[in-house]
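The working numbering applies: residue 90 is where the first sequence begins, and numbers increase by one.
This report concerns only the one structure given below.
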Amino acid sequence: MSESVTTHVTTSAPLATIASLSAHEGQTITLRGWLYNLRASGKLLFPIFRDGTGTIQGIVPKAAVSEEVFETLKNLTLESSLTVTGKVRADSRAPSGFELDVESIEVLQRVPEDTPFPITLKEHGVDFLMEHRHLWLRTPRQSAILRVRATIMRAAAEYFDTNGFIRTDPPILTPNACEGTSELFEMDYFDDDKAYLTQSGQLYIEATALALGKVYSFGPTFRAEKSKTRRHLTEFWMIEPEVAFLELDGLMNLAEGFITHIVTRVLESHCADLKVIGKDIAKLEAVVGTFPRLSYDEAHAMLDEAYKAGKIEAPHKYGDDFGSPDETYISSQFDKPVMIHRYPAAFKAFYMQPDPFDPTKALCVDVLAPEGYGEIIGGSQRIDSYDLLKSRIEEHHLPLDAFQWYLDLRKYGSVPHAGFGMGIERAVAWICGLDHVRETIPFARTLNRIYP
RNA sequence: UCCUGAGUAGCUCAAUGGCAGAGCAUUCGGCUGUUAACCGAAGGGUUGUAGGUUCGAGUCCUACCUCAGGAGCCA
C-alpha cells in the first residue's frame, strides 16, 4: 500500500521549474515533481525528473552524494512524487542542454513496487491508454498537446476580445429539439418537462448579436451522434462568433483572420511542444495568409476532373454534399485551409440565407483544414426575412411555437447577420497533427467510452 | 445503423489442429555518461464469454460481449 505523504522541505535552495532552468545555470535550485525515468550504470544514476513544465535528467555519482540519497534514488519507483535539489549545469549531451547534479532528494509519496505506474515508455494500445487517461496525461506528448490546446483556446478568445466582440455564452440546457432529437442528449427537467444539452449556441447568439453587435460564445457542446471516427466526440468545445450587419464575404474574411491568428500564436510559443508531438512546423508556417475560396460548383468541377483522372474512387454527384474522401481530396490540393462556399440549400440548415443570384444555393461556408483533417469551421449568413424563415421552419416540419422567440429577431429590427462555429478539438488535431481528436481534450467523451 | 478487423502474461505481440512463447514492466545480481540504456537470472497464464466439432482447440464452427478503423451525419 502507499506510503504517507510528507510535505516538509528541508532545503533552503530556491524553487524553480524545469522550463526555467536555463535562467539558473550554475545555481543550486529545488524542483518539485515526479520521477519520470531512471537509468543506472553501477555507481552512477541517471534519474529523469518531470514537473509539468518539462523534463530534466539528473546525474547522481555514488561518490558525490550521501549513501542515503544514493540508495533512495536507486530504489525509487517511476512516477513517485519528490522534491530534488541540485546544481544546474549546461551539458551538450543533454537534449535540453542542461542537466541537474543532484545533491539531495526528498520523496513525498513512493509508488509501491507491486502496483507500478502502468504507462511505460513503450507502446500501448488505444483501449489501454484511454482506460488510463488520467495517468496517460503525464507523458510528455500528451502534456505538450494540452499546452498547445490551451494556447489555441486562449488565442481564439483573444482574437475576438481584441476585435470588439463581446462574449455572450448561451445556455447549456435547452428546451427544445431544434433540428431533430436523435443527436441530442435528453434529460428530465422537473415535473413533466424535458431538457436537452446544447448542440450549438448559434440561435441564442443571433439574439445577443442583435443586442450587442459583435458577439461570440465559447463552451462545450454535445451531440449524441453514433459516430465512431477519428473526428468525432460526443462532447466537444466550440467557439462561435455572430455579427450583425455581416454578410458572407465578410464572414470568410473573419474566419481567415481568426485561423491565421491562432496558428501564429501557436508558432510563437510552441515549437518545442510541436516537436515533441511530431508535427511538421513548416506545414503550419505555410498556413498564414489568404486562403483559397471555392464555390460548391468549382469544388464539384475539381472532383469531377479528379475522378476522370482516376485520382478519386467514386464520382461526386452534383447536388449532393461532399463525403469524407471528397473533402480529403480537395484539401490535399492546397497547403492552406480551403473555404468552400455556396452549397446547395437543399441539404443545409433551415436558417441559412439563400444566395440572391441563385436561390438554390445557401450563403454558407465550410473551412476544410489541410492534410485531410476535414471541416473545422461551418458558418453562414442567416435568413433575415421573417416570412422566409417562417416558411423554412414549416418546410422542415419544425415546431413553430418553439421558434417564436427566434422569429421575433426578424420582427424587431432585422438585419443581415452571419456567424460560424469552430470545433476546438478538430483545430487542435490539425494543428498538432494528431491521428484522433481523443488526444486533444483532457478526457474525451466518445460513443463507447465515458470512463474515466 | 451498416461494413471490416482484433481480443493470448500488467503492457505490446508471437505460436502448420499436437509441450503456452518473446520483448518491455516488476523483483534480484552486474556495470561511472546512460538517452525507450545495456548484460545475466527469477516470478508472472481460466488464451474475451458460452456452447460445439475433434483422440487432441489459442488455432476450426455457432452465438454473444468488448474494443478499434471506416461509411453515413457532423465541428
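All C-beta atoms in this analysis are idealised placements derived from N, C-alpha and C, irrespective of residue type, glycine included.
Since the structure is predicted, the reported quantities are computational estimates derived from the model, not experimental observations.
- Leaving aside the five residues that flank Lys-283 on each side, the residues in its chain whose CB is nearer than 6 Å to its CB run, in chain order, Glu-275.
- Looking at the backbone, the Cα of Val-355 and that of Ile-241 are separated by about 7 Å.
- For Glu-345, the enclosing alpha helix (DSSP H) covers residues 337-358.
- Annotated three-state conformation of Glu-331 is strand, per DSSP.
- In the three-state reduction of the DSSP assignment, Val-377 falls in the coil class.
- Going by beta carbons, Leu-189 and Leu-124 fall outside the 8 Å limit.
- If you draw a 10 Å sphere on the C-beta of Cys-360, you find fewer than 16 other C-beta atoms in it, and that means exposed.
- The continuous stretches of alpha helix (DSSP H) do not include Ala-179, which lies in the beta strand (DSSP E) extending over residues 170-179.
- Around the Cβ of Ser-101, a 10 Å sphere holds fewer than 16 other Cβ atoms; the residue is exposed.
- For Glu-195, the enclosing beta strand (DSSP E) starts and ends at 187-198.
- When the beta-carbon positions are compared, Pro-426 and Leu-226 stay at least 8 Å from each other.
- The continuous stretches of beta strand (DSSP E) do not include Ile-261, and DSSP gives it neither H nor E.
- A direct Cα-Cα distance of roughly 6 Å separates Tyr-248 from Phe-347.
- Less than 8 Å separates the beta-carbon of Glu-331 from that of Ala-298.
- Between Ser-316 and Gly-290, the C-beta spacing is not below 8 Å.
- Excluding sequence positions up to five before and after Thr-263, its CB lies within less than 6 Å of the CB of Tyr-285, Thr-287, all in the same chain and listed in chain order.
- Of the candidates Leu-218, Arg-178, Ala-518, Ala-518 places its Cα closest to the Cα of Gly-463.
- Annotation for His-389: the continuous alpha helix (DSSP H) segment containing it runs 385-397.
- Annotation: Val-215 to Gln-231 spans about 13 Å, alpha carbon to alpha carbon.
- For Lys-283, the enclosing beta strand (DSSP E) starts and ends at 282-286.
- Per DSSP, Ile-539 is not a residue of any beta strand (DSSP E), being assigned neither H nor E.
- Taking Leu-133 as the centre and dropping the five residues before and after it, the same chain places the C-beta of Pro-150 closer than 6 Å to its C-beta, in chain order.
- In this structure, Ile-466 is the residue among Glu-160, Ile-466, Val-237 with its C-alpha nearest to the C-alpha of Glu-329.
- Taking C-beta atoms under 8 Å as the contact rule, Pro-381 and Phe-423 qualify, at a distance of about 5 Å.
- In the DSSP secondary-structure assignment, Pro-150 is bridged to Leu-133.
- Between Ile-429 and Ala-458, the alpha-carbon positions lie close to 11 Å from each other.
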